[in-house]
Structures are given as structure tokens and as C-alpha cells.
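Remarks on the structure that follows.
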Amino acid sequence: MPHPTAAPPPGTPFVALAAVAKSFGAVRALRGVDLDVRSGECLGLAGHNGAGKSTLMQVLVGNVSPDEGRFTVQGEDVAGRLTVARARQAGIACVFQELSLCPNLSVLENARIRHASLKGFGWRGRAARLITRTLDEIFPGHGIAPQALVSDLPLGQRQMVEIASVFAQGDHEAPLRLVILDEPTSSLDNSVAAQLLAHVRRFVSAGGSVILISHILGEILSTCDRIAVMSDGRVVDLREAGAFTRASLVEAMGHVVSHEAGETLVSAEAGRRGAVVASATTPKGGSIRLEARRGEIVGLAGLAGHGQTSLLVLLHNAAQGRSRYAAVTGRVAFVAGDRQTDGVFPLWSIGGNVTVRSLSRLGRFGLVDPAREKRLAEEWRTRIKIRTPDMDDNILTLSGGNQQKALFARALGSDAEVILMDDPMRGVDIGTKQEVYALVRAEADKGRTFIWYTTEFDELKSCDHTYVFRSGRIVAELGRHELTEARVLQSSFEGEAA
Amino acid sequence: MTGALANPRLLRALLPPVSLILLLAVIFTIQPRAMSYLGLNLMLNLALPIALATIAQLCVIAVNDLDLSIGAFVSLVACIGATILPENPALGLAALAGCIAVYAALGALIHWRNLPAIVVTLGMSFVWLGAAVLLLPSPGGSAPAWLSAVVKLRTPAIPFAILASALLALLVHLFLMRSSLGVVLRGAGGNPQAVRRAGWSLLKTKMAMYALCGFFGCLSGLCLVGLTTSADANIALRYTLLSIAGVILGGGEFTGGRVSPIGAVIGALTLTLAGSLLTFLRISPDWQIGAQGAILILVLALRALVNRTERRAA
Amino acid sequence: DTSDKTIALSNNYAGNSWRQAMLKSWETITAKAVADGVVQSAEAFTTAENQATEQAAQIQNMILQGYSAIVINSASPTALNGAVKEACDAGIIVVSFDGIVTEPCAWRVAVDFKKMGSGQLDYLAQRYPDGGNLLEIRGLAGTSVDTEIHEGIAAGVSAHPNFKVVSEVQGDWTQTVAQKSVAGVLPSLPEVVGVVTQGGDGFGAAEAFKAAGRPTPTIILGNRDDELRWWKEQKDANGYETMSVSIAPGVSTLAFWVAQQILDGQEVPKDLVVPFLSIDQAGLEKALENTEAGGVANVEYSLDDAKKVIEAAKAGG
Amino acid sequence: MPQAFSFIGAGLIFAATLAFTGGAGGGQILSTALTFATMYVIVGLGQMFVITTGPGNVDLSIPATIALAGAVAMTVMGGEDGSIALGLLAALGTGVAVGCFNYALIRLLQIPPIIATLSASFLVQSSAIAYGRGLRVRPPPAFADFATGRVMGVPYLAIATLLLSVLMAVLLHRTVYGRSVAAIGQNSRAAHLAGIRVDRVRFLTYVLSAVLAGLCGAVLAGFSGGSSLNMGEEYLLASIAVVVVGGSSVSGGQSNVSGLWGASLFLYLLVTMLNTFGVGAGLRYLLTGLIIIAIITLAGGPRAGRA
Ligand SMILES: Nc1ncnc2c1ncn2[C@@H]1O[C@H](COP(=O)(O)OP(=O)(O)OP(=O)(O)O)[C@@H](O)[C@H]1O
Ligand SMILES: Nc1ncnc2c1ncn2[C@@H]1O[C@H](COP(=O)(O)OP(=O)(O)OP(=O)(O)O)[C@@H](O)[C@H]1O
Ligand SMILES: [Mg+2]
Ligand SMILES: [Mg+2]
């Protein structure tokens, strides 16, 4: 347990920002932010995709130096002089939105990268103990070996490792005072996310500070002491958490208050009638066969990393006629959740990333028509609200959530009849989510089939049929009316004790 | 054993040594005389400079770059070793140290200006070659006696080349794969942004890796000139390709900081032996060069088997 | 009696017509020698890469294989010395030719490359008593053959001071490279009367002059069939005159016989000299007749030729 | 614009050469430069596609393919003007065969491309030796005339290669295949999941590279009065050099055709300049290297990208 030593009395500001601004070329990512973080509090940060949250955090840890504004740490002005090393000296550390682990190193070696003090004789043992201790503390029952190579871990476990290596308190290190968590739960399943949030409360009650960025309003509301809402590079609202309700928070973010996911989006038809367009069994065996019919939204549930993504990839390969386990009729498209490894083409523009799946349709005389390409990109920019001045900008200039939207646009804009979604809402803001849910339902009604892996229970409510995974097998099959959180959880964990 | 077969990573790590052993077995059956101290020594002593060059290349590949100049550099070092070093040891050593400094500066330049390493090292290959030709316009020179004595050392029981290769593999493995500094250096190849965000200087890691490359390049050149006793400006140009092939053969990858020093040394030995096998076979002169390719392909076809099991396991 | 002896040829390069002819001559002569029971075997080995280190390894493997003698066309005069010494120490006879080795324990069947260079100037001096400008095409930088021929040419120029080498380009002994280098410098050159070469680059030079629209100077040729045929065409069309000189690929067979003689216990001096093969205006037709289409003018040597060369060396030394 | 620098470099060097010669022979230098640049461009095009498919992809069998295809083309043509088309077809066919073989090694035997193409090149080189035994067959007169001919100082070859380059640029930027190559080069897993037939595209790419090498073999043989075993040797380094100096990214995914021309002219003019200056071999190598590094350093920028 990290015990921030010599913590000042709760309530005094640990860091304070005033009128901080930062531009990237034409994009004004921060337009004058005023914010303070007090010792012993968890500050929630919400806001639409591209509001500037991640950029603000990069400023706080010294990765990006602001163009203007004042920035003090414990009363000392550090604007423009903060480096990563100095920030860590001051006790500030960050779990970044895009994973910051070295995939070629093991878990304990990654801990070494984060903790410069792990060196000298016997450092491996110390690193392994440190990371295991922290993992045990935050995520009991995590099942991650310190010698495991990070590239072998599923996304959720990688996120756990990253969180643990930030919270880990090495022997001779400056005590950890402020931990920034930028969408830490986006690739964690609900039970693991709950473990993390509980740890955040413990850390805060011991005198530390946490900034929690999330698009899942429930967890912000339940975990944070105060909540700041950002919009277009400014903090537009800042209140005690108790002063927000879900509805008022959504409103503060500039979205229309909408209903819980799924509930009103239920399509009129019920029962499984259409023709089967995709079917698969898991290669690890198991008696339940996945079936998806035309016009259906099929959910894949279960804890993260239990074979859902592999099954989606299997279905994808089957459409190219290369699988023994799965059969798909019709064209497929894939919406990646792990966008860095499965989705984004980093050298291309946003437009190029959107249209890549549709190029063969955009041709004339066998050549890709740039005008039609541009039209498709622009169409989806407005339909799914990608925040960018220009679709010709590089994809990496987009915020995480907006990159995800571009990947959505890639699939939805294609001619695919079956769309495979690999937990695609990671990092997408709540307003957009609602719109995408509606879009998915509308497309399903037009006859498209969606196979949707998600780690959020609420999203399963949009599904017509749900399969629960455990250890690479399908262990339960739930119709819309049988679906309850308890049943999903029960199937996910069943037999775990045995 | 089934456990090992089920673990693709282990299987992959075993691949280079298994290839080497198979190749040795074939050679021993064709030419039993090779199975002796003298035989191993004759077959493998020229593998040592290749192994050193391979390790040099590995240092650069570990940070996602490629050194197209290592062959020319080794040639230059050999020329220095056969000309300046015997006459004026202090000047010779200073020249070698200067070369290593140039390597470190290259790393800095590549990082600072964000240059493609392959172009810079391509340019450097001409620079090194030019320097070698200026230093030694016509083949000649002679290596210092102590150098030849060192590399031709007759160690008891196991030939020097094997001992030295094993020691090299072990030391580099300990440094790069096990030490806390090595982790940071490899991390800079795996995810440079993450390493930078954790507060490390990418400039320093790059300079360190390039300097190491220069250092092992120097050892390779000295070892080579010790064995051949005199130098030639074109002597090691092919080491560029051999060293890259050795790293890859040993299980390394071009990007992502995934390298294996032990594998790389074994890869270098395998490449050398693949050449030896040819001398023991009787093949029509027309097809001898092709046979060299065929041997390489056969050795590598093992990978296909492993990948098949890997896919089955997945 | 050498009927139980085994001889190996260690060759570093097979990538041009000269080397192919060399290997072919070796095969023809040794096949007969083996059939006649003169030696037990005589195999040829070529390294995949033209690289001294690989050839050194090859020689070490030959030591292991237990050959009685190794005949070497070497990638480098010095870089093989370590391996050659080991072979000598193992009691193996080592004979080098064309690309010779400097290790004292080995025999050398050498061509006087210097003389090959200066001879070109002697010829040109006789053709152009008033001298003139020359273009020199060099071989592969950093090799000894290149240096020696170049030194010969330089010596020739100082012997005939009215000649001047106005440009020196690198041809890497590859016709396409030579053609490219010559084409590159031609626009900036004054008139040249002659092109001095190291063999095999003549046709490329002629093409470059033609492409530049300049009069063809006297280009010293290198015995390649295409050069000779071009010469013949020019000679028939406008009486073009030149000379052609190169080392005969069949020198490998001479080296073979020398090795056989040494194995037979004959006393053979370490340094033997073979004349290079030169073709003059009068001999052109005959040479063309005897040269395989697309090949190189060649002579193969017999045991008697070898004995004569050895006797001459003994007399000279 | 990474490709701009190669052109600027070429221009500077040309100017330096002219300054040395006092302006003499400028037109002729350019004209020869165009001729010799075409060979680099032809093989560079193929190598560029291969390099674009991502790190580790490189075709080392180009020199051997040039030698084999040149020999095959010349033998099939047999010096007859009537068989030129057949000979060219044979050269391209040789390329297809080599490309298929390369990719079979890469795909079926899972050998890393750099070693696969190196091993294949040994086999191809042996085939060339066994096929032609190094004997030089003369090209048909019409073919040789085409290869060396010019119209108003501009070589036919350069015009033909320019057309080929335009075709390849269209292929690269405007077709599904070209875009797929770039996508695979950036992230082959993502490309696969975006519906791109990764294997098929890579296969075509290796075949394309070998076919262009085959074409170069035939043209080179026609140009230099017959094929020879070593005529491809210089293209191992040159094909890679023109691609990278031309501004294509070696880590894949990004390439441009015009840069190939800039780089080819640059490298040729550089050699010409140093030859004209009469610099000795050692210094010539040294300067070549330093100038390449200087040009690329000027072209490079400080680090960019999201923090
Ligand atoms: N390096 C950069 N170059 C150009 N634009 C950038 C860069 N970094 C951020 N931006 C822009 O700054 C704005 C803020 O981005 P930021 O990543 O801070 O958003 P965010 O609030 O974290 O969004 P999300 O919830 O989607 O993660 C976006 O419009 C983004 O496109
Ligand atoms: N690349 C090379 N490496 C080593 N030695 C070479 C090389 N090329 C030629 N030689 C040597 O050069 C001398 C004469 O060969 P030459 O230069 O005439 O080749 P070539 O026959 O002209 O090639 P081609 O006829 O195919 O154009 C011989 O000593 C030969 O062994
Ligand atoms: Mg963000
Ligand atoms: Mg989640």
C-alpha cells in the first residue's frame, strides 16, 4: 500500500493551473484551463472526445509544455520547466491513454523502465516483488506472472500492468502524490475496473491525489470527490461530485440527456428468425455454437481476454475462406478496439484510414477516385462527428476517442454485411456512444448483422442475443429477455473457484 | 517434452541451436574428421569475427535501425589493425577509439535529425571503405604478432573459437537481456515513446547502442586481421549481409527491439557452417553457389515446422 | 607417381566470362588427367560470395578434407595468408595463380601485370610517336591486380612522357560499370588518342565513345570475344588498329600441372611467370577463330608446357 | 517533400560539375545521366514496392535475376530482330518465376525475406551460370539501337522508363493494390483486419520486383552489347540506395516514384562529378558517402508527432 508520507492537510491544492493554453498548429487543444488538484481528493475529468483532457494531462506530467499560462506544484511555479523526471520527483505519475509499455519486455522489465531506482545486483527479484505486490494489492487474483512478456498479455492485463507499475512505490523513490489515470478502465472488464476504483479510494484516503478521466459516468460519479467537465479546451464546469447527477453531468458535457443505452432502442422484432449469416465454434471446444442471423446484433460477453477477440478474428478469416471453425456468408468488416495494433494506419490521413475498407467500391476504370473518396470521408466526418479541421490531417492528430470514431466510420461506411466489433467503444464519449448505438440499431434494421464484443454490461442491452465466454469457450447463451447482469457475471466466473 | 512442444516461444528459442546441431550432425556424418579439436577449429575459427560483427549489427537492430556499413567498417578496422596498430600502438588504439566515437555521433545525428538510419549508414559504408582504400591502397600490412597470438590461441579441450563465441554470447546476453541498463536499451527499441515518457533520454540510448556497435565492429576487425595476418580494403564487405542474416537467423526481428544475442551468435556459426558443408559435398561447379542457397533454405525450413505447431497451438 | 594424390581448386569468383573459361579449362584438363590416372581427383570449388573471408574458410575446410594440394585463385593476395600458412603446416602443397597469395610457403604462377600495363604504353608509343591524351579505366579499387596494372601504366607513361593520362575512371572489371563511368567523363574530356584498360572493358568504352558521338580512339582490348568481333568489324570497315592483351584463363591448368609436378617430387621454384596472351592486328582472325562465341581467347597448358615454364624459371632464378 | 532533396542534390552536383568543366558538355552529361538513371529507376521501382510492404522486406535477388533474365533474353533473341518480343517476354517470364520462388520461400517456408531472397539469389545465379556459362550473346541490332538510341538528345530508354514510372505511380497511389501495399507496410495485422488480402498483395509485390529486375536485365544486355554474369552486381546496393535516398520510408508504408528519379540522377551525377574532378578511388568513396549523408541531413527534420 503506498502511503504518501508527510501529506499536507487534505484540501490544500497540490497542483494548480491557471489559463493554460496549448495549440497544435491550427488546433487549439487547450484554450485557457484553470484547475487545481487538492491533496487527498479524487478529481474526475469528463468531456467529449477531443475536449483536451489527455493534452492537459500531458502538460501535468511534463510531456508537453504549455504555450501560455501558470502552473504550480505545491506553490512552486514550474511552467515550461517541468520535465518527466522532475514531475516524478514531485510525485506526479500518469497512466496514459495509449499504452506505454514496451511489448518486447517482460512485466518486471517494464517496471524497471518506470522505476529508475530498480538497478544493481538482484534488481530482477526486487522488480518482480514490487510489481507483484502492487498487482496483488490493486487487482487481487490478477494471474499475471512477472516474467510474462507484455506482448503475450491480452489488452486488459496490459492495462493492469501499466496501472500497477505507476502505483508501485519503489524503495528510494519520491513518494507518489498525484496519479493521473487517463481512461484506465476502457479496456478492463467491470469487475477489474471495480477493483481499480476501490484502490483509488484507498489511495486518496491515505492522502494522495488522483485525476480520473473516464467516459463512463457511473464510475466518475461514484469514485470522485469533485468533477470537472471540459469542453473545447476549457473547463466549463467544476462541482462537488455530489452536486452532479448523471443527467446534469451529461448536460454539462453539452449533450442532450438521453436514455440508458439499449432500452429504447430495442427493435420491434423479437425472436430469432433471419437466415444464419455467421456461425462459429471456439477452437478450444465447448458445446455452444455461435450463430448470428441477418439483421441481428449479437453480443459477446465475459471477462476481458477470454477468447472473444480471437473468435472475431476467426470469423473475419472465415469470410476470406480460411477457417475450419467458422463460416460466414457475405462480406465482413472489423472495428478494432485495440486501435494501435489492430486498427490505425499511422502514416495515413484520417480520410485514408476511413476509406481503406471501401477502396474497391470507390473505383472508376480500376482506379480509386479521389473525389469519391473525399466524399465518403466527409460524409462520415459529419455523421459520426470526427473532431478535426481537416480529414487530410494525419490520423494521429486525433484524440483517442476520435480515432476510434474513424475506425467505426471505416466499417460502417463499407459494404460489409456482417460487422465484427471488438469492444469498439473504448474511449468514446457518452454523446457519441448514444449516437453510435442508434446507428448500429438502424443499420441492423436495414439487414446488417453485428457481432459485438463488449466489456460494458449496458451495451449488451442493445443486443438481441448474447454469448458469454470463459477460458476461450462459450459457456452461456442468453436471449434478450434472459439477460441480466447477474447471469452474465455468474457465467463469467462459474467454475473459477473449482 | 510435450510441454516444450506446446510452448511456441520456447520452441522458437530452441530453433537456432537445433538448426546448428543438425547441420553439425550432417557435417560429421559426411566428414567424420571434422569431429575433432582440429576439425572444429578449422571450421569455426573464421566464424568468430562474423559472430562479433553480428553482435554489432544486433545492437543497432535492437533500436529499430539497420547498419549497412558494418562490413566496410570491419574492413577499415582490419586495415588499421594491419597498418597503424603494429607501428604505433597508441595511435592505432586512438584511431579505433575515434571510430567508436564516430559511431556514437552517428547515433546522435540519426536521433537528433530524425534520419533514416539505413541511408546514413549506407553513406557511412562509402566513407569507411574510402578511408580503408586511402589507408591501404593495395592489400598488405601485417597484424601485430600479439593479436595473431591471441586469436590463434590453442585452448585445451575446446577450440578457442567456440570458447570465445560462447563467452561473447553469454556476456552480451547478460548485459543486454539481464542487466537493468540493457532493459532500458531494449525498451527504446520496443516502445521509444514509453521509454521517453518514463524519463529516459532516447538520445543517450541511441548513442550507447551505436557506440556498442562500433565497439564490437572493432573487435570483429581486429579478430579478423589477427586470423588472416594481413588486410585488404575489401576484406569484409560481405559482413554487412552476413551479420543481418545472422541476427535474423538467431530469432531477432527488424523492429520492436526483439533480439537474441545467443541466437545471433549461433546464427553466425550456422551461416559459417553452411558454407563448410559445401566443401564436403561434391557438386558440379555450376551449381555450387546455388547449393549454398539450398543449404540455407533447408536450415531455415525448420522454422516452417515450428510456425505450423505455433499456429496449431494458437 | 601422383596417382593417389588429390588436388582441389579454390576459386573465389565465377561471375564473368573469364572465370567461366578458367573453370572450364580446369575441368577439361583435369578430367583427362584423372582418367589417365595421373592424379586421383581434382575438384573445383567456388565460393558463393566473392570475399576473402569466405575463401579462407573454404581453404580451411579443404585442409580438413585432406587434399594433397590446393590450387588457389585468390580473392586477395594477403587476406588468405593465415589459411594458406595453416595448409602448408598441414603438409599441403599450395599453388596460387592469377590472384596470387604472398604467403612465402605457397607457389605462385604469376603474370607480370606491371608489364601488361607498361606494354600498352609501348604499343601506343609506337602507334602515336607524338603522344597524346589517354583515358585509363581502372579495376576494382583496393585489389592488387588493379594496383599493379596501374603502376605498369604509370611506368609506361613516364617512359613515354609525351603521353598524358587525362582521366582515370573506375570500371570495377565490369563492362557495364566501365561503360557508365566512361560515358560520364567523356563530355568533359579533351580529345584522347588511346584508352588503356585492365581487360574486358574495351567494348563498353567503345560503346560510350559511340554514344557520345566522338571518334573512336585506340582502345586496348582484353581478349573477350565481343571485343575481338567489334575489332574485326572496325578493321573491315575502316582499318581500325589496336592490340588486345589479357591473362589466358587456361592458366588454371598450368597451375594444376605445377601442383602435380611438386607432388611428384620435382624441384619447382616458388615464383613462376607465365606470359600473358596478346593478340595483334595480324593475329586477330586466327584468334577469333579459336575463341568460343561470347567467350575469352584462351590457351590450355599441357604437362610439357608446365615443365618448360619450370625449366625457364630455374634457368632465370 | 523528402523527394525534393534528391533533385536539389542532383542539381547542385550537376552545377558543380559544369563549373569545373567550364560549362562544356552539359547537355551530353544530362543525356547520359538520363540513360544510366533509367536502369536504376527500373530496378528501384520494384525494390520500392517491396520495401514499402514493411520492415524486413527487401529483395536481394535482383542482381542474380538481372543476370539470368539478361542471358535468357539474349539467348532467346539469338541476335534476330524478329525475336525481340519473344526475348523480352522470356525475360519477364524469368522474373515471374524468380518472384514466385522468392515468395514461396517467404510464405510456405516462413523464411524471413532478407534471407529468402539471398538464398534464392544464389540459386538464380547458379541457374544463370548453368544456362549461359557466362558466354556473351549479342543483342539483335534493332534492340541495341533502341537501347542506345536518342531523340533530340533524350534517350528512348528514358522516355520509356518515364512512362513506366507514371504507370507505377498510378499503380501505387490510385489502385487498391498500391494502397494495400502501403497499408501492409504500416501495420500488416491492421491491414488484414481491414479486409486486405495481405498474402496476395505481398506475393504480387515480390513478383513485380523480380519482373522489373528481369526487364532491367534484358534492357541492360541490349544496352551494353550482350549479357554478362556480373552485370547485375552493382544493383544490389544501388536498388536499395535509390529507394531510400529518394525519400521512401524504410520502415514501410510510404514511398514515392519521383524520388527514385531524383535519387538515380543524384547518384549517377555524383559518380560523374567525382570522376570529372579526377579524384582517386579512396577519396571518391569517402566523398560519395559524406555527400549522401549531408543531403539526407539537410532533408531530415527534427522529431515530430504526438507526445
Ligand atoms: N500532436 C497533436 N497534433 C495535432 N493535434 C493534436 C495533437 N495532440 C492533440 N491534438 C488535438 O487536440 C485536441 C485535444 O485532444 P485530446 O487528446 O487532449 O482530447 P481528449 O479530451 O483526451 O479526447 P478523448 O476523450 O477522445 O481521449 C484534439 O482535437 C486533438 O485532435
Ligand atoms: N569481381 C571480381 N573480383 C575478383 N576478381 C575479378 C573480378 N572481376 C574480374 N576479376 C579478375 O580480373 C582479371 C581479368 O578478368 P576481367 O576483368 O577481364 O573480367 P571480364 O572477363 O572482363 O568479365 P566479362 O568478360 O564478363 O566482362 C582476372 O584476374 C579475374 O580473375
Ligand atoms: Mg484522451
Ligand atoms: Mg470498459
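Protein chains in written order, with our numbering: chain A, 3 to 500; chain B, 646 to 959; chain C, 2 to 318; chain D, 2 to 308. Even for Gly, the Cβ is constructed at its ideal location relative to N, Cα and C. Here the structure is a predicted model, which is why all the values come from computation and not from measurement.
Three-state secondary structure (DSSP) of D/G10:
Mapped onto the fourth sequence, residue 10 of chain D falls at position 9. Helix, per DSSP.
In chain order, what residues of the same chain have a beta carbon less than 7 Å from the beta carbon of C/A207, not counting five sequence neighbours either side?
Taking the third sequence and counting its residues from 1, the one referred to as residue 207 of chain C is at position 206. The answer, listed in chain order, is T217, I220, W231.
Mind listing the chain C neighbours of B/Q702? Cutoff is C-beta to C-beta under 7 Å, in chain order.
Indexing the second sequence from 1 puts residue 702 of chain B at position 57. Within chain C, no residue comes near B/Q702; the closest Cβ sits about 16 Å away, beyond 7 Å.
Other residues of its chain near A/E221: CB distance less than 7 Å, five sequence neighbours each side excluded
Numbered from 1 along the first sequence, position 219 holds the residue referred to as residue 221 of chain A. So the qualifying residues of the chain are T187, A195, L199.
So which residues on chain D does A/S289 lean against when the C-beta distance must stay under 8 Å?
Working through the first sequence from its first residue, we reach residue 289 of chain A at position 287. Near A/S289 there are no residues of chain D at all, since even the closest Cβ is about 29 Å away, more than 8 Å.
My guess is that D/Q4 and D/G253 are in contact by the Cβ rule of under 8 Å, so how many angstroms apart are they, rounded?
For the purposes of this step, residue 4 of chain D is identified with residue 3 of the fourth sequence, where counting begins at 1. For the purposes of this step, residue 253 of chain D is identified with residue 252 of the fourth sequence, where counting begins at 1. Contact flag wrong, Cβ pair sits at about 17 Å.
Quick check on C/S247 - is its C-beta less than 9 Å from some C-beta in chain D?
Taking the first residue of the third sequence as position 1, residue 247 of chain C is located at position 246. No, no contact with chain D.
One or two residues paired with D/L46 in a DSSP bridge
On the fourth sequence, position 45 is the one that residue 46 of chain D refers to. Beta-bridge pairing links D/L46 to no other residue.
Examine ligand 1 and report whether any of its heavy atoms sits within less than 8 Å of the Cβ of A/G65.
Along the first sequence, one-based indexing puts residue 65 of chain A at 63. Going by the sequence as given, residue 65 of chain A is Asn instead of Gly. No, since every heavy atom of ligand 1 falls outside the 8 Å radius drawn around the Cβ of A/N65.
Per DSSP, which one or two residues make a beta bridge with A/Y455?
Along the first sequence, read from residue 1 onward, the residue named residue 455 of chain A stands at position 453. Bridge partners of A/Y455: A/L302, A/D424.
Given that a residue counts as buried once 16 or more other Cβ atoms are within 10 Å of its Cβ, and exposed if not, what is B/L816?
Numbered from 1 along the second sequence, position 171 holds the residue referred to as residue 816 of chain B. B/L816 sits exposed, since fewer than 16 C-beta atoms from the chains shown fall within 10 Å of its C-beta.
Does at least one heavy atom of ligand 1 sit under 8 Å from the Cβ of D/T149?
As a working mapping, residue 149 of chain D is identified with position 148 in the fourth sequence. The answer is no for D/T149.
Give the interface partners of B/R831 over in chain A, defined as CB-CB distance under 9 Å, in chain order.
By one-based count along the second sequence, residue 831 of chain B stands at place 186. Result: C104, N106, L107, E111.
Using 9 Å as the limit for Cβ to Cβ distance, is C/A58 near chain B?
As a working note, residue 58 of chain C is residue 57 in the third sequence. At least one chain B Cβ lies under 9 Å of C/A58.
Does ligand 1 have a heavy atom nearer than 8 Å to the CB of A/N51?
Translated into positions along the first sequence, residue 51 of chain A becomes position 49. Yes - ligand 1 has a heavy atom lying nearer than 8 Å to the Cβ of A/N51.
Beta-carbon separation of C/V102 and C/N134 under 9 Å?
What you label residue 102 of chain C is simply residue 101 of the third sequence in a count that begins at 1. What you label residue 134 of chain C is simply residue 133 of the third sequence in a count that begins at 1. No, these two residues do not count as a Cβ contact at 9 Å.
Hey, does B/I880 have any beta-carbon neighbour from chain C nearer than 9 Å?
Against the second sequence, residue 880 of chain B aligns to sequence position 235. Taking Cβ atoms only, chain C reaches closer than 9 Å to B/I880, which makes this a yes.
Residues of chain C with a CB under 9 Å from the CB of B/A913: which are they?
Locating residue 913 of chain B in the second sequence gives position 268, where the first residue counts as 1. Those within 9 Å of B/A913 in chain C number zero; the least Cβ separation is about 12 Å.
Segments assigned beta strand (DSSP E), at least 3 residues, entirely inside the segment 372-454 of chain A:
420-424
Residues of chain A with a CB under 8 Å from the CB of D/A191: which are they?
Taking the fourth sequence and counting its residues from 1, one reaches residue 191 of chain D at position 190. By Cβ distance, chain A contributes A338, T343, D344, G345, V346, F347.
Considering just the uninterrupted stretch of the beta strand (DSSP E) at A/R40, what are its terminal residues?
Here residue 40 of chain A is taken as the residue at index 38 of the first sequence, counted from 1. Run containing A/R40: 29-40, per the beta strand (DSSP E) assignment.
Continuous alpha helix (DSSP H) stretch holding D/P114: start and end:
Residue mapping note: residue 114 of chain D aligns to position 113 of the fourth sequence, counting from 1. Per DSSP, the unbroken alpha helix (DSSP H) holding D/P114 starts and ends at 114-133.
Any chain B beta carbon closer than 9 Å to C/A156:
Here residue 156 of chain C refers to the residue found at position 155 when the third sequence is read from its first residue. Judged by the 9 Å Cβ criterion, C/A156 is not in contact with chain B.
Under 7 Å from the C-beta of B/I893: neighbouring residues of chain D:
Taking the first residue of the second sequence as 1, we reach residue 893 of chain B at position 248. Those are P113, I115, I116, listed as they occur along chain D.
Whole-angstrom distance between B/L689 and B/I729, CA atom to CA atom
Taking the second sequence and counting its residues from 1, one reaches residue 729 of chain B at position 84. Taking the second sequence and counting its residues from 1, one reaches residue 689 of chain B at position 44. So the alpha carbons of these two residues sit roughly 28 Å apart.
Please tell me whether A/V278 and A/A294 are closer than 9 Å, where the distance is taken between their beta carbons.
One-based indexing of the first sequence puts residue 278 of chain A at position 276. One-based indexing of the first sequence puts residue 294 of chain A at position 292. Taking 9 Å as the Cβ cut-off, A/V278 and A/A294 qualify as a contacting pair.
Assign B/T674 to one of two classes, buried (16 or more other C-beta atoms within 10 Å of its C-beta) or exposed (fewer than that).
By one-based count along the second sequence, residue 674 of chain B stands at place 29. Exposure of B/T674 is indicated by the presence of fewer than 16 other C-beta atoms within 10 angstroms of its C-beta.
Beta carbon of A/M255: closer than 8 Å to some heavy atom of ligand 1?
Residue 255 of chain A sits at position 253 when you count from the first residue of the first sequence. The answer is no for A/M255.
By DSSP, does A/L240 sit in helix, in strand, or in coil?
Locating residue 240 of chain A in the first sequence gives position 238, where the first residue counts as 1. Three-state DSSP puts A/L240 in a strand.
DSSP three-state assignment for A/V370, whether helix, strand or coil:
Taking the first residue of the first sequence as 1, we reach residue 370 of chain A at position 368. It is a strand residue.
Count the other CB atoms within 10 Å of the CB of A/F495; is the residue buried (16 or more) or exposed (fewer)?
Numbered from its first residue, the first sequence carries residue 495 of chain A at position 493. When all chains shown are included, A/F495 counts as exposed.
Any beta carbon from chain A within less than 9 Å of D/V177's own beta carbon?
The count along the fourth sequence starts at 1 and reaches residue 177 of chain D at position 176. Cβ-Cβ to chain A under 9 Å: yes for D/V177.
Going along the segment 46-59 of chain D in order, which residues come within less than 8 Å of chain C, judged by CB to CB distance?
Going along the segment 46-59 of chain D in chain order, one finds no residue with a Cβ nearer than 8 Å to chain C.
Stretch pair the segment 831-846 of chain B + the segment 728-742 of chain B: three plus CB contacts closer than 8 Å
Flag = no, the segment 831-846 of chain B and the segment 728-742 of chain B do not touch.
Contact criterion: CB-CB distance below 9 Å. Does B/R654 meet it with respect to chain A?
For this step, residue 654 of chain B is matched to residue 9 along the second sequence. Judged by the 9 Å Cβ criterion, B/R654 is in contact with chain A.
Under DSSP, the alpha helix (DSSP H) around A/R72 begins and ends at which residues?
The residue given as residue 72 of chain A occupies position 70 in the first sequence. Premise fails: A/R72 lies in the beta strand (DSSP E), 70-75, not in any alpha helix (DSSP H).
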